[in-house]
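Report on one structure; see the data block that follows.
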Amino acid sequence: MTRRRSCLAIVAILVFKAAPVACATAQDRGIADFPKLNADTDWPWWRGPNRNGKSLSSSAPTTFAETDAVWKVSVPGRGHASPIVVGERVYLATADERQKIHSVSAFERATGKSAWAVEINKGGFPAKNHPKNTEASPTLACDGERLYGAYYHHDKVEAVAVDLNGKIAWKQLVCPFRPRTFEYGYGPSPILYGDTVIISAEYDGSSFITALDRKSGKPAWKIKRSPMISFSTPMIAHVAGRDQLLISGAMKVSSYDPQNGKLIWAVDGTTAATCGTMVWDGDVVFASGGFPKAETLAVKADGSGQILWQNNQKCYEQSMLAHDGHLYGLTDGGVMFCWRGSDGREMWKERLKGPVSASPVLADGNIYWANELGTLYVFKATPERFDLVAQNQIGNDSFASPAICGGQVFLRVAETSGQGRQEYLYCFGKK
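Following this line, the structure appears as structure tokens:
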């Protein structure tokens, strides 16, 4: 079948299965808007090329141990930011909590050797943070020319752009930021849309989602949000015939126009605080939280306000995965669920082991999902039954989500012992 006919077939049957950039449809245009990125070999931002936790790569390994690594390298400092991969390098945000330094590190993809590291900020770390959070939890985003990050320091959230040689291009104040009721730090990752980088900062003060010009850092638009602390990264999906900026938290599931920040629709749902990123399948969007109660729900994204179903399960820190008409959620306590997306029917559940903070990645029909103890489960994405492919142990402290691209799996984990804690970045798969 030719590439042209393959694209037409994908569109015709409305299968949400991403094609190469040259064949991008409206639904998988996330990476297609950035011609210097490659959908098969890059993992350029939080939740991957099309922002949905789905890898476009095949032949990634499913079974591996430390001895199988193509390379393993020590990571300076601490962070829960996931690795991103663009071209021949892997990029990571990290923080030295003793010296109070935020930095970005670049590693050679082939060997893991350090390419460069740049200091973003020194000092001004908050006095308190949640024990499950870090000073480098937001994942970087890359448009093929620059890296974009968001950092909390000196009672503010600041956006930063760094070129691929490690030179800072600009810095821009997003907003003052100093939580009082819950001093739990900061977590949302920046996302890219068109000519902008979009950043969220929500707390018990003047909360915002804002879009900055990628070239200059100057503000393009700003959304005022409710003064409640929340940690979810907003996500852009093409649903119900248009691009929508989706976010949960503040007792709402909300949709905005990513071009100008105007509200499209909002419904009551989830909880005051959420951390996971919303997911979608067709014209249905899914969210889960959090605090102070537990709720997972499905909403029609057409503006009708219709809640299709809801239950009392909680995926608080971790995001879920929607695929082929079904929703997969690994709850905080380590129970794996598969629900039918249209009505919430429980297809199966399986007790694994929690707690859970990392989000899943789908690659070549398999879902990769790690718990905080370093156990990485790999299982089939099927509603028929829980079908375990492999159970891998990498490190013993795992909060960051994997990046899977070009037949490789990149993992940021830590090893803790009586002597202390050390983070590592691993590469598994093709050399």
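Counting from 1 along the sequence shown, just add 207 to a position and that's the residue number in our numbering. Virtual Cβ for every residue (Gly too), placed ideally from N, Cα, C.
Proximity of residue i and residue j at Cβ, strictly below 8 Å
i: valine 492; j: leucine 528; result: no
i: tyrosine 631; j: valine 280; result: yes
i: arginine 387; j: serine 414; result: no
i: valine 585; j: isoleucine 601; result: no
i: alanine 334; j: proline 345; result: no
i: alanine 522; j: histidine 533; result: The displayed chain sequence assigns cysteine, not alanine, to residue 522. Result no, Cβ atoms of cysteine 522 and histidine 533 do not sit closer than 8 Å.
i: tyrosine 400; j: isoleucine 443; result: yes
i: glutamate 342; j: arginine 316; result: no
i: alanine 607; j: serine 289; result: yes
i: alanine 494; j: threonine 481; result: yes
i: threonine 417; j: proline 426; result: yes
i: serine 312; j: isoleucine 327; result: no
i: phenylalanine 617; j: valine 369; result: no
i: alanine 348; j: tryptophan 252; result: yes
i: valine 404; j: tyrosine 359; result: no
i: glutamine 525; j: serine 462; result: no
i: lysine 429; j: glycine 468; result: yes
i: glutamine 379; j: glycine 412; result: no
i: proline 383; j: lysine 363; result: yes
i: glutamate 390; j: lysine 243; result: no
i: proline 503; j: glycine 548; result: Note on identity: in this sequence residue 503 is threonine, with proline being the wrong assignment. Against a cut-off of 8 Å, the Cβ pair of glycine 548 and threonine 503 comes out as no contact.
i: tryptophan 516; j: alanine 505; result: yes
i: glycine 284; j: glutamate 304; result: yes
i: glycine 551; j: asparagine 519; result: no
i: proline 336; j: glycine 373; result: Residue 336 is actually asparagine in this sequence, not proline. No, Cβ-Cβ distance for asparagine 336 and glycine 373 is not below 8 Å.
i: glycine 496; j: isoleucine 471; result: no
i: tryptophan 278; j: glycine 237; result: no
Opening and closing residue of the beta strand (DSSP E) in which residue i lies
i: serine 407; result: 403 to 408
i: cysteine 382; result: 375 to 383
i: phenylalanine 586; result: 582 to 587
i: lysine 560; result: Element bounds for lysine 560: n/a, residue is neither H nor E.
i: lysine 335; result: Counting along the chain, lysine 335 falls outside any beta strand (DSSP E), and DSSP gives it neither H nor E.
i: glutamate 630; result: 627 to 636
i: arginine 285; result: Premise fails: arginine 285 is in no beta strand (DSSP E) and is neither H nor E.
i: asparagine 573; result: 573 to 577
i: alanine 361; result: Per the sequence presented here, residue 361 reads as histidine, with alanine not at that position. Counting along the chain, histidine 361 falls outside any beta strand (DSSP E), and DSSP gives it neither H nor E.
i: tryptophan 323; result: 321 to 329
i: cysteine 612; result: 610 to 612
i: serine 266; result: From DSSP, serine 266 is part of no beta strand (DSSP E); its letter is neither H nor E.
i: tyrosine 393; result: No beta strand (DSSP E) holds tyrosine 393; DSSP gives it neither H nor E.
i: threonine 417; result: 414 to 420
i: leucine 569; result: 568 to 570
Per DSSP, the bridge partner or partners of residue i
i: alanine 299; result: Residue 299 is actually leucine in this sequence, not alanine. DSSP, once it has assigned bridges, lists Ser312 as partnering leucine 299.
i: histidine 530; result: His533
i: tryptophan 252; result: Beta-bridge pairing links tryptophan 252 to no other residue.
i: cysteine 545; result: Tyr535, Trp555
i: phenylalanine 498; result: Ala480
i: cysteine 522; result: None; cysteine 522 has no bridge partner.
i: valine 293; result: Arg296
i: arginine 353; result: Asp370
i: leucine 618; result: Tyr633
i: glutamine 600; result: Thr582
i: glutamine 517; result: Leu504
i: serine 624; result: Gly627
i: valine 492; result: Trp487, Val506
i: leucine 347; result: For leucine 347, which the question treats as bridged, DSSP gives no partner whatsoever.
i: lysine 261; result: Leu569
i: glutamate 595; result: Looking at the sequence provided, one finds leucine at residue 595 rather than glutamate. Phe586.
Rounded distance between the beta-carbons of residue j and residue i, thought under 8 Å
i: threonine 248; j: cysteine 612; result: 6 Å
i: asparagine 196; j: glycine 394; result: In the structure displayed, the chain extends from 208 to 638; residue 196 sits before or after that span and is not available.
i: glycine 640; j: threonine 477; result: Because the chain in this structure spans residues 208 to 638, residue 640 falls outside the shown range and cannot be described.
i: valine 568; j: glycine 541; result: Between glycine 541 and valine 568 the Cβ distance is about 18 Å, and since that is not below 8 Å, they are no contact.
i: tryptophan 487; j: valine 446; result: 5 Å
i: proline 590; j: methionine 554; result: 4 Å
i: lysine 587; j: glutamine 615; result: Actually they do not touch by this definition, with Cβ atoms about 21 Å apart.
i: isoleucine 366; j: proline 397; result: Sequence check: residue 366 is alanine here, not isoleucine. That pair is a contact at about 7 Å.
i: phenylalanine 314; j: alanine 322; result: 6 Å
i: lysine 560; j: threonine 582; result: 6 Å
i: valine 596; j: threonine 274; result: Rounded, the Cβ-Cβ distance is 19 Å, inconsistent with contact.
i: alanine 577; j: serine 605; result: 5 Å
i: arginine 421; j: aspartate 475; result: Not quite, the Cβ-Cβ distance comes to about 34 Å (not below 8 Å), so this is no contact.
i: threonine 623; j: asparagine 603; result: 6 Å
The ligand GDP heavy atom lying under 7 Å from the CB of residue i
i: leucine 559; result: For the ligand GDP, the structure offers nothing, since it holds no ligand at all.
### Task
Report the residue ranges of all beta strand (DSSP E) runs contained in full by the segment 424 to 485; include only those spanning at least 3 residues, in chain order.
426 to 432, 442 to 446, 449 to 456, 459 to 463, 470 to 475
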